[in-house]
Amino acid sequence: MPELTKTPVETEVPETGALAAAEPVREKARSLWQDAWRDLRRNPVFIISGLLITFLVVIAIWPGLIASGDPGDCDLAHSLQGSAAGHPFGFDQQGCDVYTRTVFGARASITVGVLATLGSAVLGGVLGGLAGFFGGWWDTLLSRLADVFFGIPILLGGLVFLSLVGGSLWSVITFIVLLGWPQVARIARGAVVTVKQQDYVQAARALGAGSTRMMLRHVLPNAVAPVIVVSTIALGTYISLEATLSFLGVGLRPPTVSWGIDISSASSSFRNAPHMLLYPAGALSITVLAFILLGDAVRDALDPKLR
Amino acid sequence: MRGATQAKWVMAAAAVALAATACGSGGGGSSSGSASGGGGVVTAFWGDPQTTLEPANVNEVNGGKVLDMIFQGLQEYDAKTGKARLAAAESITTTDAQNYTIKLKSGLKFSDGEPVNAASFVDAWNYGALSTNAQLNSSFFGYIEGYDKVHPDAGKPSAKTMSGLKKVDDLTFTVKLTQKFSTFPDTLGYSAYYPVPAKFFTDHAAWVKNPVGNGTYKITSWTKGQGMSLVPNPEYQGDMKAQNKGVDLKVYTSDETAYQDLVAGNLDVMDQLPATQTNNAQSDLQGRYINQPAGIVQTVSFPLYKKDWNTAQAAKVRQGLSMLIDRPSITKTVLAGTYTPATDWTSPVLGEAGYSKDMLGEFGTYDPAKGKQLIEEGGGIPGGKLTISYNADRGNHKLWVDAVCNTINKALGGGTCVGNPVGTFASFRDQVTSKQMTGLFRTGWQMDYPTVQDFLEPLYTTNGSSNDGKWSNKEFDKLVGEANAETDSAKAVATYQQAEKLLVQEMPVIPLWYQNATAGYGANIGNVQLNPFSVPVYSQITKK
Amino acid sequence: MGRYVLRRLLQMIPVFIGTTLLIFLMVHALGDPIAARFGDKAPDPVVAAQIRAEFNLDKPLWLQYVLYFKGIFTGDFGTAFTGEPVIDLMARSWPVTLKLGLTAFVIEAVVGIALGLVSGLRRGRLTDTVAMAFTLIVISIPVFVLGFTLQYLLGVKWAVIRPTVSYGAPLNELILPGLVLASVSLAYVTRLTRTSVAENLRADYVRTAVAKGLPRRRVVTQHLLRNSLIPVVTFLGTDLGALMGGALVTETIFNIQGVGYNLMQGVRRQESATVVGFVTVLVIVYLVANLLVDLLYAVLDPRIRYA
């Protein structure tokens, strides 16, 4: 059991932007994370979402486990046909097997979602946290830097940036991180500013606690919750953003298989062939659900006030 | 409630437009069938023109729609047969296919009352050709003697007018061409050759804002981003008199959006139905749907400026690839029957005048085994990988490119062929014209006028204006030149087709399919026809 | 306070230059826009050279940027390729988008906060679960799928509304597009409010207020909501700009000739005058909204003081 559920925790916790920094003060930080872990193990929401995510990640790595076909093997003779023996989800416009494509699409979609979320959460969390904690010039500089990127509407940015560099997996992820981090940064900054005003932090400061210690012991655990909430929601929106980018013609491109590509090509024929839209969209919804539930559980566990 | 708010803004619109046509933009959403535009005014699908409406500057469909409604050229094309017939011209005569005498009908007037005379044409053409006027379609005057003086390849023009254009009397002028060109009269229905009134020169800014022409309709109001209202031009005397009380062109953000309005009954006539809806159109519109051949051929071109694709043996690879494309299946499925498999490089709308049912021969037939063998004989695909570039911002290109790649991959193995979407049409054309393509790329041709010359000369002669793959063949150039000079039309067609046979041998461009023209219309609309350029013949539409 | 505002206004200058320069460079890097003017024909060199000169495209890049901004300060936003001055294009797009953006904003703020508050107050109960499921669905459906589906069902199939917005964009026709545009942000606001409310519910001051015997309504509106709104207001403030510039897809689907649609057309024509012109105004809207948010902080949380 612990083996199974470990993966998701590791993917989740760095979103707080803390794990790396927490290493040197492990002795002191340990209790919080340990407490959280003890809480999580007993939380059914965490177990279910953890199992689901583990399953999705396994499928993303080894799609062959549950689908034997080749997503590029398409026959126009089957174009838009409904389900048939061996093809439970039917065929898309190109005559490709929707089941196979849905399974194989997990890899690109989950990679985009997870890496883009991690990237923007780490970058945004760290920069926003620093800005909020130190204030002054740091705050000014980092907040304005965030503004430069945040001022660009995301779809406009995508249209231009991806037209420029092409829609590879890495360019889509880079793009989302570049335009996604300011949002996390603002939330993180806001949370840190609020926490800093709290009595217990003021008290710690009055007692002469150092910056690093204050940040890790007092501010961080309390500022993490909003970042996790925003990040887990963001993960879902990033996966569907990938679909919207495909719809605009600048997203991932063949031979990459992704839910976004399939949803965008299905969007206009949902009247004739709803199955084309239903399955990739359903897979996307389940993935988003799993990550949001996980985020909720982790946040609850990390919130000391709940204990 | 709805009625009240809408009435309010209809009244606001009425202040801008003429009262008779203004109500066209209102209309109830839920009321079925009866679209806006009361009193016999037809509402039609449109988009903002991408250029000013100067006749020689318009090179896209939205501007073209308006020009064809507000202008009458020397010739006009019959909606059914596509044949050119005299319109503003009384006669166009020549003895040597190089010197033409054009006589105008007398008594023709622009909608502002000014007479249409020889000067209206001569001045308009000189304006269109002069390089400093920066007209996008100036190359259409390239055959007229003196064009090189008013439009040199670089630097300032050394003359203001073309020496080949001479006004003889009020209603007559002569045109001298640089070479023999027997189908020249057939080209004269094209919008670049329309006349302009004196006001075009005396108050250019006002004309550009509110263009005045000599056609079936005249413009009463034009609001960018919303639409244009046109009413019948009382001065018009031609054969294409308006059968309705006017046309309101409505600007839409996308064809998908306009289609929803058409089905909901808020729009009367829509051309170019979105490809994704053609499956539904028949039932959505209960048969009020047109799907007919048009003068558009879709092709993929090879970058013959790249060494790999231009070896002695590469022609076999190119021919082989043509055989790996399952044209009938693709047109039937992903293209939903609105395209027809191509058998040559022209278009079925030409009929006897140049179209061929078997030009491509075996290379147009899907035969994976034979195709693969040819490719191997030719040395295989350069680099082992094939890309097909296309612009992803409009049209259904992704659909068919993926389908073409799938059928090619079936024969050559998965992953050999992939589509390469380019974000915008602008980058795509920039890459094509600056010769940056490395693999195949999408090309297509919509005819300017229904002649076989228009399908061959601009596209495949060495200096052709749309020779994107930079194929060059002296024999081909020579044959086209000969055909252009031939006065006997049957002989000319035979010579053009002789040239076309060289395309079969060399396959610089693979013809894929002919695009049909599609349109849908509302329940109380009658007599909708599409002309050979896929545009509705607005003047003949009736509305109950 | 006055000095703070002044400082922030001065800080806007580098952000403004940064964002517009970034967009300007990216649009420029897309390539030469002139070839496309000639459709499928090869550009005529003399005509192309004249058009380039007309739009300053023949000048060095830095000079183009300087010339453009010199123009802006004299009220000249340049000309679109269609010959229409960009200022005219903006004059007819901004009012429409302002209406759409504000409609979406109101929907997002009112519905989002209300749903979030109810959810947060009844955590774990049925209302909460339903609200959370709703946000999940909204997040995981790409905006174009939502738009197309609702447009078809409500506008065509059941014919209860007009499928497209008429010119001038009357408010009653903007409700559906506004809802589609607001959908993802609505989910964000709901979840943020819920988290914040749930947390503050356990805060001492709420307990004190309840213990004091204050009526529940008063506790919720005066104490709980006011304190819970800080992160939500941050989000709403930053979202206002995004709603206006990010409506590319929504505007296209519902036939609204607004800022997003024209920006997209500008990018597709690679017309830097149009793109940079619109972005200039968007950035100003965004920066001002941000400043207002920061000032609102002080109102919502009296402990925050700006010097």
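As you go down the protein sequences, you meet chains A, B and C in turn.
Quick note on the working numbering: the first sequence kicks off at 1 and runs consecutively.
Quick note on the working numbering: the second sequence kicks off at 308 and runs consecutively.
Quick note on the working numbering: the third sequence kicks off at 852 and runs consecutively.
By construction, the Cβ of each residue, glycine as well, lies at the ideal position given by its N, Cα and C atoms.
Just so we're clear, the structure is a prediction, and the values are computed from it rather than from any experiment.
Relative to the C-alpha of Gly658 of chain B, which candidate in B:Gln357, B:Pro362, B:Thr388, B:Asp355 has its C-alpha closest? Indexing the second sequence from 1 puts residue 658 of chain B at position 351. Of B:Gln357, B:Pro362, B:Thr388, B:Asp355, the smallest CA-CA separation from Gly658 of chain B is found for B:Thr388.
Pull up the distance between the alpha-carbon of Ala1054 of chain C and that of Thr244 of chain A, whole angstroms please. Stepping through the third sequence from its first residue, residue 1054 of chain C is reached at position 203. Stepping through the first sequence from its first residue, residue 244 of chain A is reached at position 244. Taking the straight line from one Cα to the other gives about 41 Å.
Are the beta-carbon atoms belonging to Ser608 of chain B and Leu763 of chain B less than 8 Å from one another? For this step, residue 608 of chain B is matched to residue 301 along the second sequence. For this step, residue 763 of chain B is matched to residue 456 along the second sequence. Contact flag unset, no.
From C:Pro1066, C:Asn1113, C:Leu1142, residue whose alpha carbon lies closest to that of Phe1129 of chain C: Numbered from 1 along the third sequence, position 278 holds the residue referred to as residue 1129 of chain C. Measuring from the Cα of Phe1129 of chain C, the nearest candidate turns out to be C:Asn1113.
Over what stretch of residues does the beta strand (DSSP E) that includes Gln382 of chain B continue unbroken? Along the second sequence, read from residue 1 onward, the residue named residue 382 of chain B stands at position 75. Element bounds for Gln382 of chain B: 382-384.
Please state whether the Cβ-Cβ distance between Leu155 of chain A and Ala880 of chain C is less than 8 Å. As a first step, residue 155 of chain A must be located in the first sequence, where it is residue number 155. As a first step, residue 880 of chain C must be located in the third sequence, where it is residue number 29. Contact flag unset, no.
Using 8 Å as the limit for Cβ to Cβ distance, is Thr728 of chain B near chain A? Here residue 728 of chain B corresponds to residue number 421 of the second sequence, with the count starting at 1. It is worth fixing the name first, because residue 728 of chain B is Pro in this sequence and not Thr. Taking Cβ atoms only, chain A reaches closer than 8 Å to Pro728 of chain B, which makes this a yes.
Helix, strand or coil, according to DSSP, for Asp476 of chain B in the structure here? The residue given as residue 476 of chain B occupies position 169 in the second sequence. Taken through DSSP and simplified to helix, strand or coil, Asp476 of chain B comes out as strand.
By how many angstroms is the C-alpha of Leu437 of chain B removed from the C-alpha of Ala1020 of chain C? Translated into positions along the third sequence, residue 1020 of chain C becomes position 169. Translated into positions along the second sequence, residue 437 of chain B becomes position 130. In this model, Ala1020 of chain C and Leu437 of chain B are separated by some 43 Å (Cα to Cα).
Per DSSP, what kind of secondary structure is Leu912 of chain C in: helix, strand or coil? Counting from one through the third sequence, the residue named residue 912 of chain C turns up at place 61. For Leu912 of chain C, the secondary structure class from DSSP, reduced to helix, strand or coil, is helix.
Run of the alpha helix (DSSP H) containing Asp578 of chain B, from where it starts to where it stops: One-based indexing of the second sequence puts residue 578 of chain B at position 271. Careful: Asp578 of chain B lies outside any alpha helix (DSSP H), inside the beta strand (DSSP E) at 576-578.
Using the three-state DSSP reduction, which class does Cys74 of chain A fall into: helix, strand or coil? For this step, residue 74 of chain A is matched to residue 74 along the first sequence. Cys74 of chain A sits in coil when the DSSP states are folded into three classes, being neither helix nor strand.
For Glu452 of chain B, the nearest candidate out of B:Lys613, B:Asn444, B:Val482 (CA to CA): Working through the second sequence from its first residue, we reach residue 452 of chain B at position 145. The residue with the shortest Cα to Cα distance from Glu452 of chain B is B:Val482.
Buried or exposed: which applies to Tyr559 of chain B, given that a residue is buried once 16 or more other Cβ atoms fall within 10 Å of its Cβ? For the purposes of this step, residue 559 of chain B is identified with residue 252 of the second sequence, where counting begins at 1. Buried is the call here.
Using beta-carbon positions only, say whether Pro581 of chain B and Tyr596 of chain B come within less than 8 Å of one another. Counted from its first residue, the second sequence places residue 581 of chain B at position 274. Counted from its first residue, the second sequence places residue 596 of chain B at position 289. No, Cβ-Cβ distance for Pro581 of chain B and Tyr596 of chain B is not below 8 Å.
For the alpha helix (DSSP H) that contains Leu860 of chain C, what are its first and last residues? Here the question's residue 860 of chain C lines up with position 9 in the third sequence. Counting along the chain, Leu860 of chain C sits inside the alpha helix (DSSP H) bounded by residues 853-880.
Would you mind reading off the limits of the alpha helix (DSSP H) that contains Ala1140 of chain C? For the purposes of this step, residue 1140 of chain C is taken as residue 289 along the third sequence, with counting starting at 1. Where Ala1140 of chain C is concerned, the enclosing alpha helix (DSSP H) stretches over 1123-1151.
Test: Ala942 of chain C CB closer than 8 Å to a CB of chain B: Position 91 of the third sequence, counted from the start, is the residue given in the question as residue 942 of chain C. It does not; no Cβ of chain B falls within 8 Å.
Distance, Cα to Cα, Pro2 of chain A vs Leu40 of chain A? Working through the first sequence from its first residue, we reach residue 2 of chain A at position 2. Working through the first sequence from its first residue, we reach residue 40 of chain A at position 40. Because Pro2 of chain A sits at a pLDDT of 32, beneath the cut-off of 50, its placement in the model cannot be relied upon, and the following sentence gives the value as read from the coordinates. The straight-line gap from Cα to Cα measures roughly 11 Å.
Would you say Thr232 of chain A and Ile292 of chain A are within 8 Å of each other, going by their C-beta atoms? Position 232 of the first sequence, counted from the start, is the residue given in the question as residue 232 of chain A. Position 292 of the first sequence, counted from the start, is the residue given in the question as residue 292 of chain A. Contact flag set, yes.
Chain-ordered chain C contacts of Leu443 of chain B [CB-CB under 7 Å]: In the second sequence, counting from the first residue as 1, residue 443 of chain B sits at position 136. Those are Arg888, Phe889, Val898, listed as they occur along chain C.
Would you please verify whether the beta carbon of Arg736 of chain B is less than 8 Å from any beta carbon of chain C? In the second sequence, the residue the question calls residue 736 of chain B occupies position 429. In terms of beta-carbon proximity, Arg736 of chain B lines the interface with chain C, with at least one pair separated by less than 8 Å.
List the residues of chain C that Lys692 of chain B touches, going by C-beta distances under 9 Å, in chain order. Within the second sequence, the letter at position 385 stands for residue 692 of chain B. Neighbourhood of Lys692 of chain B in chain C, by CB distance below 9 Å: empty, with the nearest CB roughly 24 Å away.
Taking Cβ positions only, does Ser269 of chain A come closer than 8 Å to chain B? Along the first sequence, read from residue 1 onward, the residue named residue 269 of chain A stands at position 269. Yes, Ser269 of chain A counts as interfacial toward chain B.
Does the beta carbon of Glu27 of chain A sit closer than 8 Å to a beta carbon anywhere in chain B? Counting from one through the first sequence, the residue named residue 27 of chain A turns up at place 27. Bear in mind that a pLDDT of 45 at Glu27 of chain A, under 50, signals an unreliable position, so the model cannot answer this.
In chain A, which residues lie with their C-beta within 7 Å of the C-beta of Met877 of chain C? Numbered from its first residue, the third sequence carries residue 877 of chain C at position 26. Near Met877 of chain C (Cβ distances below 7 Å), the residues of chain A are Val160, Phe161, Leu164.
Would you verify that the beta carbon of Gly371 of chain B is, or is not, closer than 8 Å to some beta carbon of chain C? Residue 371 of chain B sits at position 64 when you count from the first residue of the second sequence. Gly371 of chain B is outside the set of residues whose beta carbon lies under 8 Å from a beta carbon in chain C.
Can you tell me where the beta strand (DSSP E) holding Val899 of chain B begins and where it ends? The requested residue 899 of chain B is not part of the displayed model; chain B covers only 308 to 851.
Would you tell me roughly how many angstroms separate the C-alpha atoms of Ala185 of chain A and Gly125 of chain A, rounded to the nearest one? Locating residue 185 of chain A in the first sequence gives position 185, where the first residue counts as 1. Locating residue 125 of chain A in the first sequence gives position 125, where the first residue counts as 1. One Cα belongs to Ala185 of chain A, the other to Gly125 of chain A, and the distance between them is close to 5 Å.
For chain A, find out if any of its Cβ atoms is closer than 8 Å to the Cβ of Asp709 of chain B; answer yes or no. As a first step, residue 709 of chain B is located in the second sequence; it is residue number 402 there, counting from the start. Yes, because at least one Cβ of chain A sits closer than 8 Å to the Cβ of Asp709 of chain B.
Grab me the residues of Ala1124 of chain C's own chain with a C-beta within less than 6 Å of its C-beta, minus the 5 sequence neighbours each way, in chain order. In the third sequence, residue 1124 of chain C corresponds to position 273, counting from 1. These residues qualify, in order along the chain: Gly929, Val937.
Would the region 216-235 of chain A and the region 114-123 of chain A be scored as touching if the rule is three or more Cβ pairs under 8 Å? For the pair of segments examined, the region 216-235 of chain A was found to touch the region 114-123 of chain A: the number of CB pairs separated by less than 8 Å reaches three.
Using a Cβ-Cβ cutoff of less than 7 Å, which residues in the same chain neighbour Pro322 of chain A once the five nearest sequence positions on both sides are dropped? It is not possible to answer for residue 322 of chain A, since the shown part of chain A is limited to 1 through 307.
State yes or no: is the beta carbon of Ala301 of chain A nearer than 8 Å to at least one beta carbon in chain C? The sequence position of residue 301 of chain A within the first sequence is 301, counting from 1. No, because no Cβ of chain C sits closer than 8 Å to the Cβ of Ala301 of chain A.
Distance check for Leu873 of chain C and Tyr855 of chain C, CA to CA, integer angstroms please. Translated into the one-based positions of the third sequence, residue 855 of chain C becomes position 4. Translated into the one-based positions of the third sequence, residue 873 of chain C becomes position 22. For Tyr855 of chain C and Leu873 of chain C, the distance between alpha carbons rounds to 27 Å.
Quick one: Cα of Arg213 of chain A to Cα of Glu563 of chain B, how far? Here residue 213 of chain A is taken as the residue at index 213 of the first sequence, counted from 1. Here residue 563 of chain B is taken as the residue at index 256 of the second sequence, counted from 1. Cα to Cα, Arg213 of chain A sits roughly 58 Å from Glu563 of chain B.
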